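Chemist: In the working numbering, the protein residues as written are 81 to 353.
Where is the CB? At the ideal position from N, CA and C, for every residue including glycine.
Note that the structure is a prediction, hence the values are computed from the model and not measured.
Handing you a structure now.
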Amino acid sequence: MILKMFNLLFRIFLIFLICFVWVRYFVNNLSIALLYTSLLTLCIELIIHFILEKKLEKNKLKQAEEKLAEKISINFIHDPNKAIDYYYKLCSTRYLCKKTKYYIEIKNELNLENASSKKIILFPIYSFDEISKQKILEIVRKIEKLHPSKLVICGYEFSKNSYELIKNFKDFKVIILDSKNCFLKLIKFYNYYPENLKEISFQNKTNFKNILKEAVTKKRAKGYLFSALILLFSSFIVRLNIYYVIISTILLTLSLICLIFPINTKTFNEEIL
């Protein structure tokens, strides 16, 4: 409770400073500037409070799901056979399936050997390295002789150009699902979760996403605030100008982001199987 109160007061203080920087730039009278700043702070805090309260439960659930999705993917990387076995069992709850060493063949029809019926190939390939478009091309070449109607590739992470590549295949549809979308579109959707998951930890790769996440963690908030205060107080020594206003606003905004806004990833609403 004390920590929540501190975070609330800290957030209000940051909003007040951001508003004060700009109000003070346009209003020379300090008393009037403080009054306007207080009113703006109150309005902004009420808006933020309403938004955060509305999304609080959703964010808690989302964070728990992301952790579980990460845990599942790491277990599949550690044991690829576990991934094949799991997806076979998942698909078998709804469809007629056949498992091979590398993929699962899925059909709605009772006769799995009927070549004229449509089939879906689910191909799990888990690795800590991003799955490249070259790897996807190799999978497609391996699968195309089966003449599927759809190929679903499940993995941990895919390179950005992989999403552009899959748009070019005309003979059958290719869908790639990263760790989060595998969880949302298959595991959670079919309500069938892997069992006996191990606790396996690893060191995250250094990439832009991880750097950005590290840059906006709560522990960075005080650093951004301290830097902004130095600039703000300097502006009283040297007459307040647009440089101090802009830089202080950027630093204060980063500090506020560290407290209230998580980093989101993309999802899509297409039916997979």
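Below 6 Å CB to CB, which residues in the same chain sit around I211 once its five sequence neighbours on both sides are set aside?
Modeler: G235 and F238, listed in sequence order.
Chemist: Please state whether DSSP places I200 in a helix, a strand or coil.
Modeler: Note: I200 maps to strand in three-state DSSP.
Chemist: Sorted by chain position, which residues of the same chain lie with C-beta nearer than 7 Å to S153's C-beta, five sequence neighbours on each side aside?
Modeler: Result list for S153: Y206, Y236 and S259, in chain order.
Chemist: Exposed or buried, what is L88 when buried is set at 16 or more other beta-carbons lying within 10 Å of its beta-carbon?
Modeler: Looking at its Cβ environment, which holds fewer than 16 other Cβ atoms inside 10 Å, L88 is exposed.
Chemist: Could you tell me which whole alpha helix (DSSP H) segments of length 4 or greater appear in the segment 153–177?
Modeler: The segment 153–177 contains these whole alpha helix (DSSP H) runs: 160–172.
Chemist: Counting only the same chain and skipping the five closest in sequence on each side, list residues whose C-beta sits under 7 Å from that of Y166.
Modeler: Excluding positions up to five away in sequence, the list reads P274.
Chemist: Specify the secondary structure class of V103 as computed by DSSP and reduced to three states.
Modeler: The answer is helix: DSSP assigns V103 an H, G or I state.
Chemist: So, for I267: in the same chain, excluding its five sequence neighbours on each side, which residues have a beta-carbon less than 8 Å away from its beta-carbon?
Modeler: Within the same chain, I267 has close Cβ partners A149, I152, L170, Y273 and P274.
Chemist: Is it true that the CB of I201 sits closer than 7 Å to the CB of P160?
Modeler: Not a contact, by the Cβ cut-off of 7 Å.
Chemist: Which runs of the alpha helix (DSSP H) fall wholly inside the segment 215–293 and span at least 4 residues, in chain order?
Modeler: Within the segment 215–293, the complete alpha helix (DSSP H) runs of at least 4 residues are 240–245 and 259–262.
Chemist: With DSSP run on the structure shown, which of helix, strand or coil describes I211?
Modeler: I211: strand per DSSP, three-state reduction.
Chemist: Among I92, K265 and I184, which residue has its Cα nearest to the Cα of H129?
Modeler: Residue I92 is the option with its Cα nearest to H129.
Chemist: Could you name the residues of the same chain whose beta carbon sits closer than 6 Å to that of F90, not counting the 5 residues immediately before and after it, in chain order?
Modeler: Result list for F90: empty, nothing under 6 Å.
Chemist: E185 bridges to which residues according to DSSP?
Modeler: DSSP, once it has assigned bridges, lists K178 and I201 as partnering E185.
Chemist: Would F203 pass as a contact of I219 if the rule is Cβ separation under 7 Å?
Modeler: Against a cut-off of 7 Å, the Cβ pair of I219 and F203 comes out as a contact.
Chemist: To the nearest angstrom, how far is the alpha carbon of F175 from that of K199?
Modeler: In the sequence on display, residue 175 carries Tyr and not Phe. Cα to Cα, Y175 sits roughly 11 Å from K199.
Chemist: Which same chain residues end up closer than 8 Å to Y243 when comparing Cβ atoms and leaving out the 5 residues on each side of it in sequence?
Modeler: These residues qualify, in order along the chain: I256.
Chemist: Distance, Cα to Cα, T240 vs K213?
Modeler: Just to set this straight, residue 240 is Lys in the shown sequence, not Thr. Roughly 9 Å separates the two Cα atoms.
Chemist: Using a 10 Å radius around the Cβ and a threshold of 16 neighbouring Cβ atoms, would you call C99 buried or exposed?
Modeler: With 16 or more other Cβ atoms within 10 Å, it is buried.
Chemist: Exposed or buried, which one is N155 when buried takes at least 16 other CB atoms within 10 Å?
Modeler: Classification for N155: buried.
Chemist: On the criterion of 16 or more Cβ atoms from any shown chain inside 10 Å, does K265 qualify as buried, or is it exposed?
Modeler: It counts as buried.
Chemist: Go through its chain and collect everything with a Cβ distance to A163's Cβ below 6 Å, but skip five positions before and after it.
Modeler: Once the five neighbours on either side are set aside, the close Cβ partners of A163 are F156, P204 and Y206.
Chemist: Going straight from the alpha carbon of F263 to that of T173, what length do you get?
Modeler: Using only the alpha carbons, I get a separation of about 16 Å.
Chemist: DSSP three-state call for Y206: helix, strand or coil?
Modeler: Coil at Y206, not helix or strand.
Chemist: Buried or exposed for C123, going by 16 or more other Cβ atoms inside 10 Å?
Modeler: Exposed, by the Cβ-count rule.
Chemist: V254 and I352: beta carbons closer than 7 Å?
Modeler: No; because the gap between Cβ atoms is not below 7 Å, this pair is not in contact.
Chemist: Around the Cβ of C177, are there at least 16 other Cβ atoms within 10 angstroms (buried) or fewer (exposed)?
Modeler: By the 10 Å Cβ count, C177 comes out buried.
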